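Engineer: Residue numbers (our numbering), protein chains in the order written: chain A, 6 to 299; chain B, 6 to 299; chain C, 6 to 299; chain D, 6 to 299.
One structure, pasted below without further comment.
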C-alpha cells in the first residue's frame, strides 16, 4: 500500500487533498493530512476519509505533498521531518516557492535518499476544486513521471526544467499576472479620467490585441463589481513577483518592467493591505489617479 | 444613391474597402477609393469594382472613410478636401489617431456641417480580410448608429464615448499590447538565462493566470519561430503607445508602467528598426539579456 | 527712456521685478508691473517705485517680462496684449513654459514684429531675492545679447539653443530634480526599513558619488526636519516633469526613468496634494514603504 | 607590535594599503599584503615596505582588511583563513559587499572570536590615492572606534548601523549614482534630439536644482569628452545596484525607480560590456535614442 501525505490544507491545499483522497480510495492508497491548525486536518479527515497525522508520521510516507504559503514554511516542516524520512520517497512541493530554496531543499533531501520536485500549481481555487490544476514541474523528469499518477488534482502536468524551474516559471507567470493586472488598471484609470465608458472600453479591449486574463476575467469580475473577493492575497502576489525579481537578479538578467511592477505591488501591499485580494492592488492606482475604476 | 469614399488602401484599408465594395454592390451604393500612390487605387478598382477618385471628388461623398498611418496624414487630406465637403456628410476616421487631433478635426468639420467619428479598428490584417474587425467609436452616438450599416468590415461596433474616445481606447489597447508583449518577453529571457525550457514555460503560462494575447498568439507564432512577419510595424506600435502617454498627460493621469513600456518601445524602434514587425521589439530585450528567446 | 513691463508678481516674480526696479532707477528706465490680483501690483509699486499698469499699457513696453504659472496663462495675457504690441519690442518669458507653446508664441509675436525669448530661471525664491538667478535662454542669440542688461535678477545667462530650448532645458532640469528627489527618498525609505541611521546615511552619501542637490539640500532641510516648507509646489514640479515627457514624445526620444518619475510625481500630486511643497512627494514613498523618512 | 593585513591590491586596495604602510611605519606596526596575483603583492612590498604573506599568515593578524570585487571573493579567502584566525582580531571588509553576506560572515567570525565590520569606502581611485576616503561602517560601534586609528586611508568614518548597514548604505549610494548618471544621460539625449547645445544645458543644470555628482563631474569629464576612462567598471556598478535591489527585497520595501535603473544598468552591462567604465552605460541610452551625447 502506498502512503501519500498532504501538508497544508489552505484554500488551495484543502480541495487538492480532497482529490487525492478520491484517487487514493480508488487505488487502495492511504492519505495522511497535516495542517498547522490541527482542527482543519480533523475536519478534512471527517469529510474525505483522510487520516490526520503528525509531521513525524507524515515523514514516513512514500510521496509527500506540501502546499504552504512560502518556502520558509516548507523549510520549517522539512527541518522537523528530516530525521524520519524514508529513502526512496518523493517530495512534491506545490508551494509557490523560491528557486533558491528548491536547490537547497533538493540537496538536503537527496542526502536522505528523497527526491524533491518543485511542482507549483496554477488554476486558482476553482481549478483546485475541480481537480483541473496545471502543474509546472522542476527536477528529475523520471521522478515526475513516476509521481504523475498521484497528481490527482491536475489535468495538465508540464516538465519545465531542472530543480527550481517549476518555481521559476510560477514566479514569472504570477509576475505577468501582476503586470497585466496593473497595466490594465492604469489604462482604465486614465480612460476614466478622459470620460470614456470603462465597460465599453473593456469590451473592446477583450476583442482586441491588448487582452489578457486580467482584462477578460479578473477586472470585470472583481474590480468593476467592486467585490475584490479575497481568494488570492495581494501579499502573496507581491511575494511571487518578488521571487521573479530574485530570479532575475540570480541570473543577472534585465527585466525593468517586471521589476517596476513588483515594486508597485509591494507598495500596494503596504498601502491597501496584504490580506486583500490581489485585484485590490488597483485601489492604489485609483489613489494615484484620483479616479475610481468603475 | 449613397456615395461612400475610402481613403488609404494600406494593409488594413485595402481589404476593408473590398468589404465596403461588396456591401455597396448589394445595396446600390457607389464606392470611391483614393490612395497616395494612385496605382493602388487603380488596382483596387480593377479587382473590386470601386472607382478611383481625386480628393476633391471624394470630398463630395456622403460617408468618407479614412484609414491612414497617423492623424497627421488625415490632417493633410482634410485640408485639401475641406472646401469641397458636403454638409450632412459623415467622416469615419479608422486611423489609429490622436484624441487631440479628433477634437480639432471634429470642430473643423462641424464648421462645414460634417460629422466626425473617430472609429479605429482592431483585429489585424486577418480581421480586415475576413471583415470581422472590432470598431471603437467616439463621437455622436446617433451619427454612429446612422453610419453603422456602412461599416461592412466590422462584426463588432462599440460606442465608447465622446469625440476622441475611440482613439483613446485604441491607444490604450495598443499600449496594453505593448506591455504584455514586452513583459512576457522579459520573463522568457530571464527564464531562458535560468535554463528553463521556454516552449514548456509558455505552454504553462498559457494555461495559467499570466496569459495574454501576446503569450497565446504573438510570441509562439512570431518570436519563437524567429519569423517576425511584418504585419504591424514596430514604429506604429511605438506611436500608439506614445498616444497613450499623451492621453495620460492630457488628463493629468499617472500610468508609470505604460509610460515605461512606451519609452522602451521607442528605444526598440531606434535600435531594431521602425519597419520591423512589432514583435521584433523583443530583439532589444534579447540584447539587454544577452539571450535569445527560443 | 526704455519702458520695461513685468507681468506676474508671484513668489518668484515679485523679487525679480524688485531687482528690475533697482536697475531701472539707476539707468533712467521705467518699470510697469501687472498682476492678475491687482492689489499685488499696487503693493509692489508702493514698495519699489514701479508703476501698476493694465495689460494694454504693458503691451506698449520695449521689453515685456512674463513670469506666470504655465504657458496657458502666458497665452491668455498675450491674446489680450497682441493688438497693442509695439514692433521692435522683445518679450522675455521667464515662465517654466512648454517648448511647443514657445514655438507657437514666437510665431504669433513675430507677426507683430516682436521677438520672443523663452527665458526660464532657476535658483528658487532665495536666488530671486538675491538677484542671482540662472537664466536659460532659447531663441535669437542677438536678441538675448540686447536684452541681457535688463536681466537684473540674473547672475548667469546662458543661450542654450533656438526657440523653445530654454523651456526644454528647464523642463529637463526639473525632471532631474524630481528624479534625484524621488530616488533618494526611495533609498532612504529602504535603509530606514533596514534599521540604518538615516542622518548618518545621508552624511555618507553627501560625501560620496550618489550625492545630488536633493540629497545635499532638499532632503536634510525639508524632509528630515518634517517641515516641507511650501516654496515650490508639488503640482508645478509634476507639471514640469510632464513637460519633459512631452518634449521626449515630441522628438521621439526614449527616457524611461524620467517617464516613470513623472508618473510617480503626478501620483504624488493626487495623493499628497498639488499645493504641498515638492519635497512632500516623499510622503507617497513613505506610504509605499510603510516607513517614515526621519 | 600590531600586525595589519591587507588583502586585495586592486585599483582601490593598492593605494589604500600604501597609506596603511605609511601609517604603520610611523607607529611601529607591520603590514602584511596578499593578492590573488602574487606579483602585485611583491611589487607593493618593494614599493611600500609591506610584507607579502600567504592567507594562512595573514589570518594571524590583529586587524585584517579585505578589499575585493564582491562578497563571494571574501567568502573564499575567509574559508581558507578561518582555521588560522586569532581570537580578539578585527576583520574590516572594505569590499562593496552584500548585507546578507555580512550577517553570515559576522556570525562565522564570531564563532572564532573575531569581530567583523562591514566598512565599504567611497571616493574613487583619486580618494584612495589621496588617503581621503569616506568609510561607512556597520557593526559594533566600539570595535569601529578601536579600529579607527588604523583606517589610515580615510578622512571620514561614519557608523551607520548594525552589521550589514555599511554595505546597505554603499549599495544605496551606488544605486543613486546609477540613477543620477542614467537619468541625466536620458535628459541630455532628449535635449540633443531637440537640437539643444548640450554643453550649455549641462552648464545650466549644474547651476540649478537638477544637479548631481553625475552632472557636475562624471558626464562633463567622461562622457562629453568621449573618454570613458575605465576606473570603476560598469559590471561592478550593476552589481552594486543589484545589491540595493536585494536589500529592498529583503525588507519588503518598494523602490520602483532604483529597481528600474538597476535593470537598465544590467542591460547596459550586457550590451556595452562589463569591463567598460560605468559611465559607458550611457552608450545604451545613445542607442535607445539614436543620438550621441556630445
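Even for Gly, the Cβ is constructed at its ideal location relative to N, Cα and C.
Values in this document were obtained by computation on a predicted structure and should not be read as measured data.
Comparing alpha-carbon positions, which option in D:125, D:272, D:80 and D:240 lies nearest residue 176 of chain D?
Structural biologist: For the purposes of this step, residue 176 of chain D is taken as the residue at position 171 of the fourth chain. For residue 176 of chain D, the nearest C-alpha among the options comes from D:125.
Engineer: Determine contact between the region 91-99 of chain C and the region 55-72 of chain C, defined as no fewer than three beta-carbon pairs at a distance below 8 Å.
Structural biologist: A contact exists between the region 91-99 of chain C and the region 55-72 of chain C.
Engineer: Between the alpha carbons of residue 275 of chain C and residue 299 of chain A, how many angstroms are there, rounded?
Structural biologist: Translated into the one-based positions of the third chain, residue 275 of chain C becomes position 270. Translated into the one-based positions of the first chain, residue 299 of chain A becomes position 294. Each residue's Cα considered, the two are about 18 Å apart.
Engineer: In the DSSP assignment, what residue or residues form a beta bridge with residue 161 of chain D?
Structural biologist: In the fourth chain, the residue the question calls residue 161 of chain D occupies position 156. Residue 161 of chain D is bridged to D:139.
Engineer: With 9 Å as the C-beta to C-beta threshold (strictly closer), list the residues of the region 260-271 of chain A near chain D in chain order.
Structural biologist: Listed by position along the chain: 260, 261, 262, 263, 264, 265, 266, 267, 268, 269, 270 and 271.
Engineer: Only counting runs of 4 or more residues, tell me where the alpha helix (DSSP H) segments fall wholly within the region 168-215 of chain C, in order along the chain.
Structural biologist: Runs found: 170-198 and 203-210.
Engineer: Give the range of the beta strand (DSSP E) segment to which residue 35 of chain D is assigned.
Structural biologist: Your numbering for residue 35 of chain D matches position 30 in the fourth chain. Start and end: 35-39.
Engineer: Residue 107 of chain C: beta carbon under 8 Å from a heavy atom of the ligand ATP?
Structural biologist: Because no ligand of any kind appears in the structure shown, any question about the ligand ATP cannot be addressed here.
Engineer: Have a look at B:238, B:186 and B:140 and flag the residue whose alpha-carbon is nearest the alpha-carbon of residue 217 of chain A.
Structural biologist: Here residue 217 of chain A is taken as the residue at index 212 of the first chain, counted from 1. Looking at the Cα atoms, B:186 is the closest of the given residues.
Engineer: Which same chain residues end up closer than 7 Å to residue 14 of chain C when comparing Cβ atoms and leaving out the 5 residues on each side of it in sequence?
Structural biologist: In the third chain, counting from the first residue as 1, residue 14 of chain C sits at position 9. Answer for residue 14 of chain C: 22, 38, 40, 45, 46 and 49, listed in chain order.
Engineer: Residues in the same chain with beta-carbon distance under 7 Å from residue 279 of chain D, minus the five sequence neighbours each way, listed in chain order, please.
Structural biologist: What you label residue 279 of chain D is simply residue 274 of the fourth chain in a count that begins at 1. Around residue 279 of chain D: 238, 239 and 240.
Engineer: Using the three-state DSSP reduction, which class does residue 65 of chain B fall into: helix, strand or coil?
Structural biologist: Taking the second chain and counting its residues from 1, one reaches residue 65 of chain B at position 60. Looking at residue 65 of chain B - three-state DSSP - the assignment turns out to be coil, as it is neither helix nor strand.
Engineer: Determine the chain B residues that contact residue 250 of chain C at a beta-carbon separation under 8 Å, and present them in chain order.
Structural biologist: If you number the third chain from 1, residue 250 of chain C lands on position 245. Ordered by position in chain B, the residues that pass the 8 Å Cβ test against residue 250 of chain C are 250, 254 and 264.
Engineer: From the DSSP output, read off the bridge partner residues of residue 102 of chain C.
Structural biologist: Translated into positions along the third chain, residue 102 of chain C becomes position 97. Note: residue 102 of chain C sits in no beta bridge, so no partner.
Engineer: How long is the line joining the alpha carbons of residue 151 of chain B and residue 266 of chain A, rounded to whole angstroms?
Structural biologist: Counting from one through the second chain, the residue named residue 151 of chain B turns up at place 146. Counting from one through the first chain, the residue named residue 266 of chain A turns up at place 261. Distance between the alpha carbons of residue 151 of chain B and residue 266 of chain A is about 44 Å.
Engineer: So, are the CB atoms of residue 17 of chain B and residue 133 of chain B less than 9 Å apart?
Structural biologist: Position 12 of the second chain, counted from the start, is the residue given in the question as residue 17 of chain B. Position 128 of the second chain, counted from the start, is the residue given in the question as residue 133 of chain B. Yes, Cβ-Cβ distance for residue 17 of chain B and residue 133 of chain B is below 9 Å.
Engineer: Excluding five sequence neighbours on each side, which residues of the same chain lie with their C-beta closer than 6 Å to the C-beta of residue 55 of chain D?
Structural biologist: What you label residue 55 of chain D is simply residue 50 of the fourth chain in a count that begins at 1. Excluding sequence neighbours, residue 55 of chain D sits near 26, 36, 38 and 49.
Engineer: Can you give the Cα-Cα distance for residue 109 of chain D and residue 103 of chain D, rounded to whole angstroms?
Structural biologist: Translated into positions along the fourth chain, residue 109 of chain D becomes position 104. Translated into positions along the fourth chain, residue 103 of chain D becomes position 98. Approximately 10 Å between the Cα atoms of the pair.
Engineer: Strictly below 8 Å CB to CB, what residues from chain A border residue 103 of chain D?
Structural biologist: In the fourth chain, counting from the first residue as 1, residue 103 of chain D sits at position 98. By Cβ distance, chain A contributes nothing, its closest Cβ being about 11 Å from residue 103 of chain D, past 8 Å.
Engineer: Pair every Cβ in the region 187-203 of chain C with every Cβ in the region 157-170 of chain D, then say whether three or more of these pairs are closer than 8 Å.
Structural biologist: Yes, they touch.
Engineer: In this structure, does DSSP put residue 56 of chain C in helix, strand or coil?
Structural biologist: Here residue 56 of chain C refers to the residue found at position 51 of the third chain. Of the three classes helix, strand and coil, the one that applies to residue 56 of chain C here is strand, per DSSP.
Engineer: Could you spell out the range, first to last residue, of the beta strand (DSSP E) harbouring residue 120 of chain B?
Structural biologist: On the second chain, residue 120 of chain B is found 115 positions in, with the first residue counted as 1. Where residue 120 of chain B is concerned, the enclosing beta strand (DSSP E) stretches over 120-123.
Engineer: What are the residues of the region 271-285 of chain B that lie near chain D, defined by any Cβ-Cβ distance shorter than 7 Å?
Structural biologist: For the region 271-285 of chain B, which is checked against every Cβ of chain D, the residues closer than 7 Å are 272, 275 and 276.
Engineer: Between which two residues does the alpha helix (DSSP H) holding residue 73 of chain C run?
Structural biologist: For this step, residue 73 of chain C is matched to residue 68 along the third chain. No alpha helix (DSSP H) contains residue 73 of chain C, which DSSP labels as neither H nor E.
Engineer: Could you tell me the boundaries of the alpha helix (DSSP H) in which residue 27 of chain B lies?
Structural biologist: Residue mapping note: residue 27 of chain B aligns to position 22 of the second chain, counting from 1. Note, residue 27 of chain B: alpha helix (DSSP H), 18-32.
Engineer: Name, in chain order, the residues that DSSP records as bridge partners for residue 9 of chain D.
Structural biologist: Along the fourth chain, one-based indexing puts residue 9 of chain D at 4. Residue 9 of chain D is bridged to D:36 and D:68.
Engineer: Distance cutoff 9 Å, beta carbons only. Does residue 247 of chain A sit that close to anything in chain D?
Structural biologist: On the first chain, residue 247 of chain A is found 242 positions in, with the first residue counted as 1. Yes, because at least one Cβ of chain D sits closer than 9 Å to the Cβ of residue 247 of chain A.
Engineer: Got a sec, what are the start and stop residues for the alpha helix (DSSP H) residue 261 of chain B sits in?
Structural biologist: Along the second chain, read from residue 1 onward, the residue named residue 261 of chain B stands at position 256. 261-277 is the extent of the alpha helix (DSSP H) around residue 261 of chain B.
Engineer: Going along chain B, which residues have a C-beta under 7 Å from residue 293 of chain D?
Structural biologist: Indexing the fourth chain from 1 puts residue 293 of chain D at position 288. Here the neighbours are 272, 275 and 276.
Engineer: How long is the line joining the alpha carbons of residue 290 of chain C and residue 242 of chain A, rounded to whole angstroms?
Structural biologist: Position 285 of the third chain, counted from the start, is the residue given in the question as residue 290 of chain C. Position 237 of the first chain, counted from the start, is the residue given in the question as residue 242 of chain A. Rounded to whole angstroms, residue 290 of chain C to residue 242 of chain A spans 20 Å at the Cα level.
Engineer: Tell me the DSSP secondary structure of residue 286 of chain C in three-state form.
Structural biologist: Taking the third chain and counting its residues from 1, the one referred to as residue 286 of chain C is at position 281. It is helical.
Engineer: If you measure from the beta carbon of residue 136 of chain C to each beta carbon in chain B, is any gap under 9 Å?
Structural biologist: Along the third chain, one-based indexing puts residue 136 of chain C at 131. No - not a single Cβ of chain B is within 9 Å of the one on residue 136 of chain C.
Engineer: Can you round the beta-carbon distance between residue 315 of chain A and residue 73 of chain A to whole angstroms, since I take them to be within the 8 Å contact cut?
Structural biologist: Given that chain A is displayed from residue 6 to residue 299, the structure contains no residue 315 of chain A and the question cannot be resolved.
Engineer: List, in chain order, every chain C residue whose beta-carbon is nearer than 8 Å to that of residue 198 of chain D.
Structural biologist: For this step, residue 198 of chain D is matched to residue 193 along the fourth chain. Neighbours of residue 198 of chain D on chain C, chain order: 256, 257 and 258.
Engineer: Residue 178 of chain D and residue 215 of chain C look like a contact to me (Cβ under 8 Å); what is the Cβ gap, rounded to whole Å?
Structural biologist: If you number the fourth chain from 1, residue 178 of chain D lands on position 173. If you number the third chain from 1, residue 215 of chain C lands on position 210. 4 Å between Cβ atoms; contact.
Engineer: Beta-carbon of residue 191 of chain B versus every beta-carbon of chain A: anything under 9 Å?
Structural biologist: Taking the second chain and counting its residues from 1, one reaches residue 191 of chain B at position 186. Cβ-Cβ to chain A under 9 Å: yes for residue 191 of chain B.
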